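Engineer:
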Amino acid sequence: MCAHRQPGPDDPTADAMAGKTRFDDIYDQPDPRSYFRRLAPYDYEIPHHAQAVFRRTLAARRAAPPGPGLTVLDLCCSYGLNAALLNHDLTLADLYAHYAGDGTTDLTTSELIDLDKEFYAARRRPDAVRLVGVDTAAHATAYALAVGLLDEAYAENLERVPPSHGLARAMAGVGLITVTGGIGYVTHRTFDALLDAARLPLWVSAFVLRTVPYDRISQSLTEHGLRTTTDAGRLYPQRLFTGPDEQRDAVERVRAAGDDTTGLESAGRYYTRLYESRPRAV
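Residue numbers 1 to 282, in UniProt numbering, belong to the letters of the sequence shown in order.
1) Just the C-alpha distance for E265 and R273, rounded to the nearest angstrom, thanks.
2) Can the beta-carbon of A206 be found less than 7 Å from the beta-carbon of Y275?
3) Skipping 5 residues on each side, what residues in its chain have a beta carbon closer than 7 Å to that of T180?
4) Distance, Cα to Cα, Y96 vs Y270?
5) Which residue spans inside the segment 127-173 form an unbroken alpha helix (DSSP H) run of at least 4?
6) Taking just the CA atoms, how far does I217 sit from V254?
7) Figure out for me which residue from A63, G80, R56 has the closest Cα to the Cα of A140.
8) Note down, in chain order, each residue of its chain lying with its Cβ closer than 6 Å to the Cβ of D192, except the 5 sequence neighbours on either side.
9) In this structure, how does DSSP classify R273 when only helix, strand and coil are distinguished?
10) Starting from the Cα of P68, find the closest Cα among C77, L75, L58 and give me that residue.
11) Apart from the five residues on each side of it in sequence, which residues of its chain come closer than 7 Å, Cβ to Cβ, to S198?
12) Please name the residue, chosen from L90, T261, L176, R160, that lies closest to P237 on a Cα-to-Cα basis.
13) Would you kindly work out how many angstroms separate the C-alpha atoms of L149 and D215, rounded to a whole number?
14) Near L85, which residues of its chain fall below 7 Å by C-beta distance, leaving aside the five closest residues on each side in sequence?
15) Which complete beta strand (DSSP E) runs does the segment 44-122 hold, if anything under 3 residues is left out?
16) Would you give the residue range spanned by the alpha helix (DSSP H) that R37 belongs to?
17) How should P163 be labelled, buried or exposed, when 16 other C-beta atoms within 10 angstroms of its C-beta is the threshold for buried?
18) May I have the straight-line CA-CA distance separating E118 from V134, to the nearest angstrom?
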């Protein structure tokens with residue numbers, strides 16, 4: 001998930017998140033314990049589904065030029081959850097047990113960081129990729145950097161300002177952008193800013209709530225030479241609704257987009273669709 005930012009009024013996603021429950025208090029804490037404990041009752045699960053997808057996509061991207069040496073940028077990286085699952089022999093259930101369980105309850109943030117450095121180092125995969133994180137949440141990105149989940153972290157709002165010199169430099173090595181929870185909080189402006197700084201053939205793998213339009217972002221990706229595809233029949237659950245108002249809003253938005261909610265949002269859960277964007281020649 002991504003720390004909240006508000007799109008401009010001219011953007012089609014401007015009100016797409018209006019009926020979605022805000023969890024502002026958990027996105028930018030010094031460590032991820034509150035994040036996991038707050039989301040556990042709602043069975044937040046999209047990173048679990050993204051783990052296998054991102055590993056397959058990364059393998060395919062590494063098979064194309066420039067090869068294994070590329071960098072992945074995780075957009076709306078928060079505490080580095082996608083990085084933890086991509087680069088380590090861990091499951092989402094393992095992370096819930098670690099951060100929402102009793103074992104880390106009484107630790108200070110400093111003690112947790114020391115523990116997590118060893119926790120992640122011991123589970124690091126031999127095929128781990130260099131990973132850059134971008135999010136507006138400075139505390140969350142600082143944690144992910146401190147424990148070794150991210151190689152570089154940038155707490156920047158690309159909806160409002162251009163990439164910093166450091167982020168623009170980092171983009172020169174990025175071959176894949178991943179995102180699981182940020183579309184709607186970030187718009188085409190963020191993608192334009194990142195793709196304008198790209199130097200390698202860039203792939204994008206994005207999980208998008210069915211309540212949020214992706215057309216404008218897809219258009220921007222097209223303008224940067226990327227072709228976007230999706231399997232309309234393959235959906236991925238995100239989390240349970242927090243209550244009837246959130247569910248009602250989601251059902252109305254999905255139906256307004258022309259999609260059926262039977263057994264999906266109508267049954268009590270947000271669902272996402274995966275959009276994959278690659279250079280037209282690929």
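C-beta: ideal position from N, C-alpha, C; glycine also.
None of the values given here were measured: they were computed from a predicted structure.
Structural biologist: With the structure as the only source:
1) Just so you know, the alpha carbons of E265 and R273 end up roughly 13 Å apart.
2) Yes, the Cβ-Cβ distance between A206 and Y275 is below 7 Å.
3) Apart from sequence neighbours up to five positions away, the residues of its chain that approach T180 with a beta-carbon distance below 7 Å are I46, P47, A50, N82, F207, ordered along the chain.
4) Cα atoms of Y96 and Y270: separation of roughly 20 Å, rounded to the nearest angstrom.
5) DSSP assignment within the segment 127-173 yields the following whole alpha helix (DSSP H) runs of 4 residues or more, N-terminal first: 138-146, 165-171.
6) C-alpha separation (whole angstroms): 18 Å.
7) Nearest C-alpha to A140: G80.
8) Correct list, in chain order: S220.
9) Taken through DSSP and simplified to helix, strand or coil, R273 comes out as strand.
10) Of the candidates C77, L75, L58, the one whose C-alpha sits nearest the C-alpha of P68 is L58.
11) It is worth fixing the name first, because residue 198 is Ala in this sequence and not Ser. Taking A198 as the centre and dropping the five residues before and after it, the same chain places the C-beta of M171, V174 closer than 7 Å to its C-beta, in chain order.
12) It is T261 whose Cα lies nearest to the Cα of P237.
13) Rounded to whole angstroms, L149 to D215 spans 32 Å at the Cα level.
14) Excluding positions up to five away in sequence, the list reads P47, Q51, L92.
15) As for any beta strand (DSSP E) of minimum length 3 sitting wholly inside the segment 44-122, the runs are 71-75, ordered along the chain.
16) Here the alpha helix (DSSP H) through R37 covers 33-39.
17) Buried: at least 16 other Cβ atoms inside 10 Å.
18) About 24 Å.
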